[in-house]
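Residue numbers (my numbering): 784 to 1052. Reviewing the structure listed below.
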């Protein structure tokens, strides 16, 4: 049933080609825009308050990534989330480096509190820090394993009415109705900068066509990352192969390759 939902979401995305507004960091703009194009969505990297109200009136979703944060960006992000709320659009929050500084932690919590319809996509350490617990991180890199963030994810679901995607060696998608474990991907993927940011952007695209859990995006990136790594010689060729595999991905491949396991909801409360 879950695999059917994922493949239907992939078909819907390619048919609808949703516009995804990205307020994202300088490091990954090109990567995430290319990934959205490859999967079939339409990206725009919009940062100006002067056009954000107009953009959010017809966009499918808003992705907010705090990777290169400063006071000017924070004001733009807050305004964009307000406009997303006004037009009943989903917000995907990528709290890059949450826990590494008070600025990042406080800004992440402010955005999470403000968004009416929210998906949080983060690594384990960011999820733990966002929930107010002590996390282990080195800058923007997680030192906690995904399974250690399940309790924190459950807290965020209840606190913000959000769905939470914990990405890592194992991915967990936590919502108020279910928790799903994904075991796709490859150990080379963290060697490419912005892989998590790419997942956040894809999460926005799938949210725009109805998947507000984050499951479809995590499943897709895990499968294509796994396939791309089988042919890549290193991180450079992995990045190119991943775009090609996003473009080529079909339902049959998803059904053959996807490794998912529904878990009992009680395990995260």
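Positions of the beta carbon are idealized from the N, C-alpha and C atoms, including for glycine.
Residues near residue i in its chain [Cβ-Cβ closer than 6 Å; skip 5 each side]
i            : result
residue 967  : 1005, 1006, 1009, 1042
residue 994  : 792
residue 804  : 827, 829, 838, 842, 845
residue 898  : 864, 874
residue 900  : 873
residue 1015 : 1021, 1024
residue 987  : 803, 844, 846, 875
residue 916  : 935
Residue i, buried or exposed, once every other Cβ within 10 Å from all chains shown has been counted against 16
i            : result
residue 808  : buried
residue 896  : exposed
residue 737  : Nothing about residue 737 can be reported from this structure: the residues present for the chain run from 784 to 1052 only.
residue 796  : buried
residue 1045 : exposed
residue 1121 : Residue 1121 lies beyond the stretch modelled for the chain, which goes from 784 to 1052, so this question has no answer here.
residue 904  : buried
residue 923  : Unreliable placement is indicated for residue 923, whose pLDDT of 48 sits below 50; the coordinate value is still reported in the next sentence. Buried: at least 16 other Cβ atoms inside 10 Å.
residue 789  : buried
residue 784  : exposed
residue 786  : exposed
residue 798  : exposed
residue 1028 : buried
residue 946  : buried
residue 813  : exposed
Contacting residues, own chain, Cβ-Cβ under 7 Å from residue i (five flanking each side not counted)
i            : result
residue 892  : 913
residue 852  : 886, 887, 890
residue 989  : 792, 796, 999, 1000
residue 816  : 826, 828
residue 1018 : 971, 974, 975
residue 938  : 914
residue 983  : 846, 848, 875, 877, 904
Residue from the options with nearest C-alpha to residue i
i           : options             : result
residue 826 : 885, 802, 982, 797  : 802
residue 845 : 869, 885, 1035      : 869
residue 972 : 993, 838, 1024, 856 : 1024
residue 958 : 877, 992, 1011, 902 : 902
residue 841 : 847, 856, 871, 1029 : 871
residue 951 : 940, 969, 938       : 969
residue 963 : 936, 874, 855, 837  : 936
residue 876 : 816, 860, 830       : 860
residue 800 : 824, 787, 819       : 824
residue 996 : 1013, 1015, 956     : 956
residue 835 : 855, 813, 862       : 862
residue 858 : 916, 832, 873, 1013 : 832
residue 873 : 806, 915, 1032, 991 : 991
residue 879 : 856, 900, 855, 906  : 906
residue 856 : 813, 884, 806, 814  : 806
Beta-carbon separation (whole angstroms), residue i vs residue j, contact threshold 8 Å
i            : j            : result
residue 733  : residue 908  : Only positions 784 to 1052 of the chain appear in this structure, which leaves residue 733 out of reach.
residue 1021 : residue 1000 : No, residue 1021 and residue 1000 are not in contact; Cβ-Cβ is about 18 Å, not under 8 Å.
residue 932  : residue 948  : With 8 Å as the limit, residue 932 and residue 948 do not qualify as a contact, their Cβ atoms being about 11 Å apart.
residue 954  : residue 929  : 7 Å
residue 818  : residue 1026 : 7 Å
residue 1011 : residue 965  : No, residue 1011 and residue 965 are not in contact; Cβ-Cβ is about 16 Å, not under 8 Å.
Check: residue i C-beta below 7 Å from any heavy atom of the ligand ZN
i           : result
residue 935 : Ligands in the displayed structure: none, and consequently the ligand ZN is not present.
One or two residues paired with residue i in a DSSP bridge
i            : result
residue 804  : 827, 845
residue 954  : 965
residue 1045 : 963
residue 904  : 948
residue 974  : Paired residue(s): none; residue 974 is not in a bridge.
residue 877  : 848
residue 884  : 881
Close Cβ partners of residue i (< 8 Å) along its chain, the five nearest in sequence each way excluded
i            : result
residue 1030 : 821, 822
residue 811  : 848, 850, 976, 977, 980, 981
residue 794  : 1034
residue 1032 : 793, 822, 1003, 1006, 1007
residue 1040 : 967, 1006, 1009, 1010
Below-8 Å beta-carbon distance, residue i vs any chain D residue
i           : result
residue 935 : Included in the structure is just one protein chain, with no chain D present.
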